[in-house]
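*Asks:*
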Amino acid sequence: MDKSLMTKEKSSLMNNYSRLPITFVKGEGSFVWDEHGDKFLDFTSGIAVCNLGHVPDQVKEKLMSQLSQIWHTSNLYEIQSQKDLANLLTNVSVFDQAFFCNSGAEANEAAIKLARIFAEKKGEKQNRTIVTFEHSFHGRTLGTLSATAQEKIQKGFAPILPGFTYLSYNDFSQLETLQEIDPIAVMFELVQGEGGVIPAEKEWIDALVSICKQNGILLIVDEVQTGMGRTGTLFAYEQYGFEPDVITLAKGLGSGFPIGAMLAKKEIAEAFAPGTHGSTFGGNPLAATAGLATLQTFISEDIVKHCEEQIEYLWSKLHELQSSFTEIKEIRGKGMLIGLVFADNVSNIVAKALEEKLLILSAGAQVVRLLPPLTVTKKEIDCFIEKMSAVLKDVFTNA
Ligand SMILES: *Cc1c(COP(=O)(O)O)cnc(C)c1O
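Counting from 0, one number per residue, gives the positions in the sequence shown under numbering that gives the first Met the number 0.
#1: Go through its chain and collect everything with a Cβ distance to F280's Cβ below 6 Å, but skip five positions before and after it.
#2: Strictly by DSSP, which residues pair up with L177?
#3: In chain order, what residues of the same chain lie with their CB nearer than 6 Å to the CB of F163, ignoring the 5 residues before and after it?
#4: Nearest to N214 by CA position, among G155, L177, D83, E237, is which residue?
#5: How about the region 351-360 and the region 314-327: do they share at least three Cβ pairs that are nearer than 8 Å?
#6: Counting pairs of Cβ atoms below 8 Å between the region 205-220 and the region 238-246, do you hit three or more?
#7: Answer yes or no: the CB of S102 versus the heavy atoms of ligand 2, is any distance below 7 Å?
#8: Quick check on H53: does DSSP put it in helix, strand or coil?
#9: Contact between the region 316-330 and the region 136-155 is defined here as three or more beta-carbon pairs at a separation below 8 Å; is this criterion met?
#10: Can you tell which of A260, S67, I348, I204 has its C-alpha closest to the C-alpha of Q399?
#11: Skipping 5 residues on each side, what residues in its chain have a beta carbon closer than 8 Å to that of V349?
#12: Using a 10 Å radius around the Cβ and a threshold of 16 neighbouring Cβ atoms, would you call I298 buried or exposed?
#13: To which residues of the same chain is T22 closer than 8 Å at the C-beta, ignoring the five residues directly before and after it?
#14: Going by other Cβ atoms of all chains shown within 10 Å of its Cβ, with 16 needed for buried, is T72 buried or exposed?
#15: Look at the alpha carbon of I46 and the alpha carbon of P372, and state the distance between them as a whole number of angstroms.
#16: In chain order, what residues of the same chain lie with their CB nearer than 8 Å to the CB of T232, ignoring the 5 residues before and after it?
#17: Going by the CB atoms, is the gap between E200 and Y165 shorter than 8 Å?
#18: Go ahead and pull the three-state DSSP assignment for V367.
#19: Going by the CB atoms, is the gap between F99 and A125 shorter than 8 Å?
#20: How do the region 103-114 and the region 250-267 stand: do at least 3 beta-carbon pairs fall below 8 Å, yes or no?
#21: Any contact of the region 179-194 with the region 283-294, i.e. 3+ C-beta pairs under 8 Å?
#22: Just reading off the alpha helix (DSSP H) that I421 is part of, what are its end residues?
#23: Classify L336: buried if its beta carbon has 16 or more other beta carbons within 10 angstroms, exposed otherwise.
#24: Could you check how far apart the C-beta atoms of G226 and G251 are, in whole angstroms? I think they sit under 8 Å.
#25: Would you mind listing the alpha helix (DSSP H) stretches within the region 259-336 that are 4+ residues and don't spill past its ends, in chain order?
#26: Of all Cβ atoms in chain B, is any one closer than 8 Å to the Cβ of G281?
#27: Let me know if F94 comes out buried or exposed under the rule of 16 or more other beta-carbons within 10 Å of its beta-carbon.
#28: Excluding the 5 residues flanking A114 on each side, which residues of the same chain have their C-beta closer than 7 Å to its C-beta?
#29: So is K265 buried or exposed if we call it buried at 16+ other beta carbons inside 10 Å?
#30: Out of P20, S29, Q79, point me to the one whose CA is closest to K378's CA.
#31: Are there any heavy atoms of ligand 1 lying less than 7 Å away from the beta-carbon of Q153, as far as the coordinates show?
#32: For D343, collect the residues of the same chain with a Cβ closer than 7 Å to its Cβ; drop the 5 residues on either side in sequence, then sort them by chain order.
#33: Report all residues from its chain with a CB closer than 8 Å to the CB of G277; omit the five preceding and five following residues, and keep chain order.
#34: Could you tell me which of I204, T288, R331 sits nearest to L84, measuring between CA atoms?
#35: For V375, name the three-state secondary structure that DSSP assigns.
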């Protein structure tokens, strides 16, 4: 093709992201390389997506072999890898059935639709409210941004969809209000990721779950970020000792190949009859292969068990770091979803880290978010601490 048709200087992209001026062209394990061959330690995992590290062998091999077979057929026909993935997901969880789509927002849209049609089928409730929580993040579609109780996500997009009521998170005093609202469902994250890495308190979840179970309110857990081993168990709900009715997954499910999923208990899942919901691409042979190979790797390599030691090591090293840098006000999160809370805006820390060839994220203005691959080694954790110390030294001694 005529190269002049794709000049590098011109940007024809919409301006909806504030991108850093760097391009990565290769990834392997916990590292990525830019176009000049510089190597970076990646503690973002592409925002909790590359949980097995970059280009994991088993997933790569299965995808390459699928690439030469068939890519797409549509959900008009049976797709064996999609069935296999659904079976495996339901075998390793408390759910009975799966629906596949392409992203986290779509998985949450599916959950919202399922909760509504389930209520309709039961014929019990006129009130179709779904309760969500402050600082949540459920996606950017109109439905999911309406479920997301953050002004900055909704701003400019009025009218947002009706049918959502927001309560404050980890707040016992609002549980009575929840009973008064009597919603069809509550939807929440067990560690609020984008909202600032805020873990739910166990006692609060216990109380919330008990009210919901007593009143027939569905428990929808958004595990788009917390799922696939991120918090130290395959799914975060396992650590809270209850069974949700529905969970949603996406980010880590396909190791970087786009795929989302909703898992549900049978009696609820059955509200989706033919024609009620669908997706052209959802769970196509390539996506389902990526998801299946990812989950198979979790099982065959016992990734969750394996990273227990790394989690403990990283947290202890972070506490050491905090004793050298008291600017770190708090370390919070679960497993490999970690927030370092500072008193001021952290954008300079993230920018400085890039100069040190370290990729980290923020979550809100004052929180540095760490999302290392679950396959990270102790040596790489040491390397991270070294780089992070240099960053903090530079930022706080020159402040
Ligand atoms: C990222 C995220 C989403 C949205 O996922 P997309 O794939 O970007 O649509 C939804 N919920 C949570 C908790 C997330 O972290």
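Each residue gets a CB set at the ideal place from its N, CA and C atoms; glycine is no exception.
*Replies:* On the basis of the coordinates in this document:
#1: Excluding five sequence positions before and after F280, the CB atoms of its chain that fall closer than 6 Å to its own CB belong to N101, given in chain order.
#2: According to DSSP, which records beta bridges pairwise, L177 is partnered with nothing at all.
#3: Excluding sequence positions up to five before and after F163, its CB lies within less than 6 Å of the CB of I129, T131, S145, A146, all in the same chain and listed in chain order.
#4: Looking at the Cα atoms, L177 is the closest of the given residues.
#5: Not touching, per the Cβ criterion.
#6: Under the Cβ criterion (8 Å, minimum of three pairs), the region 205-220 counts as touching the region 238-246.
#7: Of the ligands one can find in the structure shown, namely ligand 1, none is ligand 2.
#8: If DSSP states are grouped into helix, strand and coil, H53 belongs with the strands.
#9: By the Cβ rule, the region 316-330 does not count as touching the region 136-155, because fewer than three pairs are nearer than 8 Å.
#10: In the structure as shown, the chain starts at 0 and stops at 398, and residue 399 therefore has no counterpart that could be examined.
#11: Here V349 has I359, L360, S361, V367 as same chain residues with Cβ atoms under 8 Å from its own Cβ, once five neighbours each way along the sequence are excluded.
#12: By the neighbour-count rule (16 or more Cβ atoms within 10 Å), I298 is not buried but exposed.
#13: Here the set comprises D33, E34.
#14: The residue in question, T72, is exposed, as its Cβ has fewer than 16 Cβ neighbours within 10 Å.
#15: Going by the C-alpha atoms only, they are around 10 Å apart.
#16: Within the same chain, Cβ atoms closer than 8 Å to the Cβ of T232 are found at Q238, V303, G334, the five residues on either side in sequence being excluded.
#17: In this structure, the beta-carbon distance from Y165 to E200 does not fall below 8 Å.
#18: Correct three-state label for V367: strand.
#19: In the sequence on display, residue 125 carries Gln and not Ala. Between Q125 and F99, the CB-CB gap reaches or exceeds 8 Å.
#20: Yes: at least three Cβ pairs fall under 8 Å.
#21: Too few Cβ pairs lie closer than 8 Å, so no.
#22: The first residue shown for the chain is 0 and the last is 398, placing residue 421 beyond what the model contains.
#23: Counting Cβ neighbours within 10 Å, L336 comes out buried, since at least 16 surround it.
#24: Contact between G226 and G251 holds: their C-beta atoms lie close to 6 Å from each other, under 8 Å.
#25: With a minimum length of 4 residues, the continuous alpha helix (DSSP H) runs that stay inside the region 259-336 are 265-268, 284-299, 302-323.
#26: Looking at the structure shown, chain B is missing, and only one protein chain is on hand.
#27: Per the 10 Å Cβ criterion, buried.
#28: The beta carbon of A114 sits closer than 7 Å to those of I129, I183, A184, L217, I219, all from its chain and outside the five residues before and after it, given in chain order.
#29: Burial is judged here by how many other beta carbons sit within 10 angstroms of a residue's own beta carbon; K265 has fewer than 16 and is exposed.
#30: With distances taken between Cα atoms, K378 lies closest to S29.
#31: No.
#32: Cβ neighbours of D343 beyond the five flanking positions: Q365.
#33: Once the five neighbours on either side are set aside, the close Cβ partners of G277 are N74.
#34: Measuring from the Cα of L84, the nearest candidate turns out to be T288.
#35: Reduced to three states, the DSSP call for V375 is coil.
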